[in-house]
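So the mapping is simple: our numbering equals the position in the sequence shown, first residue as 1, plus 5. Have a look at the structure below before the remarks.
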Amino acid sequence: MPELVTGEAVALDIRVARLASRALALFIDALLQLMVLYFCMIFVGLSARVSDSAVTIGLALMMVVGVLVGYPTITETVTRGRTLGKLALGLRVVADDGGPERFRQALVRALAGYLEFWTLFGSPALIASLVSPRGKRLGDIFAGTIVIQDRVPVNVMLGPVAIMPPQLAPWANSLELSRLPDGIAMAARQYLTRFWELAPRVRDEMGRRLTDEVLTYISPPPPSGHRPEIVLSAVLAERRRREERRLAERAARRAAIARRGLPLAVSVPPGPAQPAVIPVGGPPPPPPSYGGGPTPMPEWLGGAPGTTNPPTFLPPTR
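In structure tokens:
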């Protein structure tokens, strides 16, 4: 798999777009351009009846240049390296350093593409793509760009992004996660998402750095002998499980209150003869028993009516 070095000197493994997918994307774009050009020529033919030949020729040239050169230039600049054909095939044009495609690069690619595809019927692009190790055509070589596979199907063999490792489940259940910032958790999730796309050396270094940063906000420390990505996966899986449990409890509480016809409260202006908040909708639910034996889980907290067992939640699937 080819390697791309970003502006921060980080090596990333990239998926270069295949020749077949690029050819199909080009066919979609060319078909769209020909359709637009056909209607433009109809407009030019109608305008020729009321204007002289010089104006007609100039208008026709402007239409041809605008469709064949302007379309790829504008769309790739606005969408950061995508045309409609590339969007349909999941392709993207990026700079050689991994950055987004700029207007100058899109213009150079479009001008070279006019010669490669519309003048020489794609033969220079085909030869250059077969010779180049990264599948570059002449426009990519002149502009310093590369076409990559931006949308890649998920490999079912890799499983979910963050799952709970069985060997770390007891430790994760005892974690204090309230101090973990959302930004660091998102960075760890993105690292696990792109884990198999990173070069091994960069992958290990980034994993150690993220793990050290995460461990400064959680306690207790993890057991020794586990790789960084395993620890991060356990932390994120436990964090997601607790958030899903909290949301499920809130939804169950609201559903129980709605079934019994009990609005939470109605606010009224305070006065000398009335309180500030008056519960309405019937008598409140009976308070839980604090006598001997196990304390039942109230229905409004998600417990099943008539039982003392709290609701169970399936483990997250992703």
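Every residue, glycine too, gets a C-beta built ideally from N, C-alpha and C.
Cβ contact annotation for Ala242 (same chain, cutoff 6 Å, sequence separation greater than five): Ala167, Ile168, Met169, in chain order.
About 5 Å separates the CB atoms of Pro233 and Arg213; that is less than 8 Å, so the two are in contact. Within the segment 12–100, the complete alpha helix (DSSP H) runs of at least 4 residues fall at 24–52, 58–70, 76–83, 89–94. As a beta-bridge residue in DSSP terms, Val152 pairs with Val98. By the C-beta density criterion, Thr221 is exposed, having fewer than 16 other C-beta atoms within 10 angstroms.
Sixteen is the threshold: since fewer than 16 other Cβ atoms of the shown chains lie within 10 Å of the Cβ of Pro175, the residue is exposed. Cβ-Cβ distances below 6 Å link Ala111 to Thr78, Glu81, Thr82 in the same chain, with the five nearest sequence neighbours on each side left out; the list follows chain order.
Here DSSP, grouped into helix, strand and coil, assigns Glu106 to coil. Residues of the same chain with a CB within less than 7 Å of the CB of Ala53, apart from the 5 flanking positions on each side, are Thr61 in chain order. CA-to-CA, the gap between Leu180 and Leu203 works out to about 29 Å. Annotation: Ser128 to Leu143 spans about 11 Å, alpha carbon to alpha carbon.
Distance check between Val236 and each of Ala148, Phe32, Pro171 places Pro171 closest, using alpha-carbon atoms only.
In the structure shown, the three-state DSSP call for Ser238 is helix. Under the 10 Å beta carbon count, Gln195 is surrounded by fewer than 16 other beta carbons and is classified as exposed. In the same chain as Glu121, and ignoring 5 residues on each side of it, the C-beta atoms closer than 7 Å to its own belong to Gly127, Pro129, Ala130, Arg142, Leu143, Gly144, in chain order.
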